[in-house]
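See below for the structure under consideration.
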Amino acid sequence: MSLKIFIDGRYFGERDAKVSVFDHGLLYGDGVFEGIRIYNGRVFKLKEHIDRLFCSAKAILLDIPMSHSQIMRATLETCRKNKLRDGYIRLIVTRGVGTLGLNPNRCKRGSVIIIADKIQVYPPELYARGMEIVTVPTVRNLHSAVNPAIKSLNYLNNILAKIEANNAGVEEAVMLNSEGFVAECTADNIFIVKSGKLFTPPLSAGALYGITRGTVIDIAREAGIEVSEPNLTRYDLFNADECFLTGTGAEIIPVVKIDGRVIGSGKPGRLTRQLVGKYHALTKATGEPIYV
Ligand code: PXG
Numbered sequence: 039m040s041l042k043i044f045i046d047g048r049y050f051g052e053r054d055a056k057v058s059v060f061d062h063g064l065l066y067g068d069g070v071f072e073g074i075r076i077y078n079g080r081v082f083k084l085k086e087h088i089d090r091l092f093c094s095a096k097a098i099l100l101d102i103p104m105s106h107s108q109i110m111r112a113t114l115e116t117c118r119k120n121k122l123r124d125g126y127i128r129l130i131v132t133r134g135v136g137t138l139g140l141n142p143n144r145c146k147r148g149s150v151i152i153i154a155d156k157i158q159v160y161p162p163e164l165y166a167r168g169m170e171i172v173t174v175p176t177v178r179n180l181h182s183a184v185n186p187a188i189k190s191l192n193y194l195n196n197i198l199a200k201i202e203a204n205n206a207g208v209e210e211a212v213m214l215n216s217e218g219f220v221a222e223c224t225a226d227n228i229f230i231v232k233s234g235k236l237f238t239p240p241l242s243a244g245a246l247y248g249i250t251r252g253t254v255i256d257i258a259r260e261a262g263i264e265v266s267e268p269n270l271t272r273y274d275l276f277n278a279d280e281c282f283l284t285g286t287g288a289e290i291i292p293v294v295k296i297d298g299r300v301i302g303s304g305k306p307g308r309l310t311r312q313l314v315g316k317y318h319a320l321t322k323a324t325g326e327p328i329y330v
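For the sequence shown, the residue numbers in our numbering are 39 to 330.
Written as structure tokens, this is what we have:
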């Protein structure tokens, strides 16, 4: 069955779901997006994702031509039309159709696209064994250039880092900022455990305000685990007891080797496994119901 894709208030089949070659989303990466998960017939953290979409849009002076509640309803409707119980939603707002010049004022109206599909996840062995990651030469965008808090369609900074990770034979890269502090990975935030406490880089180090990151911080604090957000160096990563990444796609994935250094015991750690259990329980039990 062909997917039904929402574009500006109408639904199109996969073959007909197209945007103009004059859309500045394509010409310049001018737009914002969100990646959202569907678990068990519910959209997980939908409000938080739409809030972040509006924050990203505000930062780039992009008027979203729908309200928060209209986007919420259209997202749920798109899930229903595609009969999904588990899956992945890509919410995109582009600057819209303009001229061959980067001036966004030439674009009359932003375009809203919602794709809801099945999800491809990392293989289960990777979660069981833990993954290996490397730090890469490409540094995270400066705040003063393109703020990494903006989830924009301009992902080349991350893509270059991903290529460098692939070239090193691993799946994910740790990106440092221009001062050499740990920022985040290409599509995930990073955490370490040291002496029973949880640490993750601050947003000011160049991390996205990850929704999974926020959820994990809440879960950990509720379980009485101390969480702080200091600047971290590669040395801190190498000497951690445990390490894991968080993201909508990856959920919580243990890391067991960084730049050739074995982390902790070389196996997914106890605290990481505890958080994974709590996270899975939350994804199953909460979220915006699709079928009511
Ligand atoms: N950092 C970056 C740069 C991201 O793009 C995260 C951290 C994690 O944030 P959330 O809010 O998801 O916990 C992201 C999220 C994909 C995909 O298709 C990428 C993301 C999310 C979902 C899917 O590669 N990136």
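Don't be surprised by glycine CBs; every beta carbon is placed ideally from N, CA and C. Just so we're clear, the structure is a prediction, and the values are computed from it rather than from any experiment.
{"Query": "Report the partner residues of Glu280 according to the DSSP bridge assignment.", "Result": "Val231"}
{"Query": "Could you give the first and the last residue of the continuous alpha helix (DSSP H) run that contains Arg144?", "Result": "Where Arg144 is concerned, there is no enclosing alpha helix (DSSP H), given that its DSSP letter is neither H nor E."}
{"Query": "For Leu334, name the three-state secondary structure that DSSP assigns.", "Result": "Outside the shown range of the chain, which is 39 to 330, sits residue 334, and nothing can be said about it."}
{"Query": "What is the DSSP secondary structure of Asp256, counted as helix, strand or coil?", "Result": "helix"}
{"Query": "Buried or exposed, going by whether 16 or more other CB atoms sit within 10 Å of the CB of Asn120?", "Result": "buried"}
{"Query": "What do you reckon, are the CB atoms on Glu209 and Val174 nearer than 7 Å?", "Result": "no"}
{"Query": "Apply the 10 Å Cβ neighbour rule to Pro327 and answer buried if 16 or more other Cβ atoms are within range, or exposed otherwise.", "Result": "exposed"}
{"Query": "Under 8 Å by Cβ, that's how I've got Thr284 and Thr250 pegged, so tell me the actual separation to the nearest angstrom.", "Result": "4 Å"}
{"Query": "Please classify Glu264: is it buried, with 16 or more other beta-carbons within 10 angstroms of its beta-carbon, or exposed?", "Result": "exposed"}
{"Query": "Quick check: the Cα distance between Val172 and Leu41, rounded to an integer number of angstroms?", "Result": "36 Å"}
{"Query": "State the Cα-Cα distance for the pair Gly67 and Ile228, rounded to the nearest angstrom.", "Result": "26 Å"}
{"Query": "Who's in the neighbourhood of the ligand PXG, going by beta-carbon under 6 Å from any heavy atom, listed in chain order?", "Result": "Gly73, Asn196, Glu222, Ala225, Asp226, Asn227, Leu246, Gly248, Ile249, Thr250, Arg251, Thr284, Gly285, Thr286, Gly287"}
{"Query": "Around the C-beta of Ile197, are 16 or more other C-beta atoms found within 10 angstroms, so that it is buried, or is it exposed?", "Result": "exposed"}
{"Query": "Consult DSSP for Tyr15 and reduce its assignment to one of helix, strand or coil.", "Result": "Past the edges of the chain, shown from 39 to 330, lies residue 15, and the structure says nothing about it."}
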